[in-house]
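Here is the structure we will look at.
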Amino acid sequence: MNPFHRANQKRWEATARNWKAMHDRRGTWKLCAQSPELVFVPEEMKHLQGLSGKRAAVLGSGDNLAAFALAGLGARVTSVDISRNQLEIARERAGELQLDMEFLQADVTDLSALADATFDLVYTGGHVAVWVSDLDRYYREAGRILKPGGLFLVNEYHPFRRIWKMEVDHLEVAYDYYDRGPFVFKHDEDVLDRKRGDYTQYEFHWRVTDLINAMLSAGCNLIDSAEFGEHVGDWEGAPLEGLPEYLLLVGRKRNG
Ligand SMILES: C[S@@+](CC[C@H](N)C(=O)[O-])C[C@H]1O[C@@H](n2cnc3c(N)ncnc32)[C@H](O)[C@@H]1O
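For the sequence shown, UniProt numbering begins at 1 and goes up steadily by one.
Quick look at the structure:
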């Protein structure tokens, strides 16, 4: 595994307990199979119809809310994450929700455990690309496992939100939009709390056009896009109101 990903994986393994506790406080995981609109915005829902019996992969599945919601929509879901601990928590929760799903520990840049042209839908996002050093390889793997005509939904934290200094009362650029990194940090285990610690982390700031171009290079035509959301979380540490929270890209795998 590449050293950036190995380092990031170590922290995700360590933080999985906090991630679980946060989601237990919120409780959405218990509801989202019944109410997928708690997870997916209308711009996504319109592409997520008729999934009954279809195969879906969620890449960098983390909290697995998207995976549970897709299972609730009738899809046969494979949940992929680099963190064994995240997957173990998701497996337990899927059991409690009586959802029949598959779990695969894998790096999104190497999905060799999954055959070509297997899935009708690949879903990813919500802060996955930021941990990945090779976006083209990641999306190429997504494209490879998609059937021709299958959908590739990317719903990522909007790149415009990544560039600011942690200043609560004004916006100040800390990271040049054109600089992709890697940005190296030393943090403690809690991903939500940016305290300094012993875990070395590598973050990558992909631009809007990187995401689009990687999707096109993955053999998909871009068929829809949207920008939405205005919530600003405490962890963001800057007055980001007025900047879009998420960028949705919808690709369709080309034939041949
Ligand atoms: C912020 S979560 C994103 C998923 C979901 N939206 C959430 O909020 O939980 C990030 C997830 O990506 C996973 N991840 C990070 N790097 C990865 C990689 N190279 N391959 C697969 N998963 C990765 C982490 O283990 C973590 O579970």
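Just so it is clear, CB atoms sit at the ideal spot from N, CA and C, and this is done for glycine as well. Note that the structure is predicted; figures quoted are calculated from it, not measured.
Kindly identify the DSSP beta-bridge partner or partners of residue i.
| i | result |
| --- | --- |
| Asp224 | Val250 |
| Lys186 | Thr200 |
| Tyr57 | For clarity, residue 57 is Ala in the given sequence; the question names Tyr instead. DSSP lists Thr78, Val122 as partners of Ala57. |
| Asn213 | In DSSP, Asn213 forms no bridge with anything. |
| Tyr157 | Tyr246 |
| Gln105 | Asp81 |
| Phe152 | Val122, Gly251 |
| Leu146 | Phe119 |
If the criterion is Cβ atoms closer than 7 Å, does the pair residue i and residue j meet it?
| i | j | result |
| --- | --- | --- |
| Arg162 | His231 | no |
| Leu104 | Ala94 | no |
| Pro159 | Val208 | yes |
| Asp100 | Ile82 | no |
| Asp210 | Val250 | no |
| Glu227 | Pro244 | yes |
| Arg137 | Thr118 | no |
| Cys32 | Val41 | no |
| Phe4 | Tyr202 | yes |
| Glu172 | Thr15 | no |
| Lys147 | Asp120 | yes |
| Ala66 | Tyr139 | no |
| Glu43 | Leu248 | yes |
| Gln86 | Gly62 | yes |
| Gly229 | Tyr246 | yes |
| Leu48 | Val80 | no |
| Lys10 | Gly150 | no |
| Leu111 | Ala214 | no |
Helix, strand or coil: how does DSSP classify residue i here?
| i | result |
| --- | --- |
| Tyr175 | coil |
| Lys10 | helix |
| Lys195 | coil |
| Val41 | coil |
| Gly72 | helix |
| Trp131 | helix |
| Trp164 | strand |
| Lys46 | coil |
| Leu65 | helix |
| Leu31 | helix |
| Leu240 | coil |
| Leu87 | helix |
| Gly95 | helix |
| Asp110 | coil |
| His5 | helix |
| Val208 | helix |
| Glu141 | helix |
| Asp169 | coil |
| Arg25 | helix |
| Asp136 | helix |
| Arg180 | coil |
| Ala16 | helix |
| Asp234 | helix |
With a threshold of 6 Å, establish whether the CB of residue i neighbours any heavy atom of ligand 2.
| i | result |
| --- | --- |
| Gly233 | The model depicted lacks ligand 2 and carries ligand 1 instead. |
With a cut-off of 8 Å, do at least 3 Cβ pairs link the region 173-187 to the region 149-158?
-> Taking a cut-off of 8 Å for Cβ pairs, the region 173-187 and the region 149-158 do not touch, as fewer than three such pairs fall below it.
Do the region 128-145 and the region 210-220 make contact, defined as three or more Cβ pairs closer than 8 Å?
-> Yes, the region 128-145 is in contact with the region 210-220.
Inter-stretch contact (C-beta, 8 Å, three-pair minimum) for the region 71-84 and the region 35-55 = Put simply, the region 71-84 touches the region 35-55. At least three CB pairs are less than 8 Å apart.
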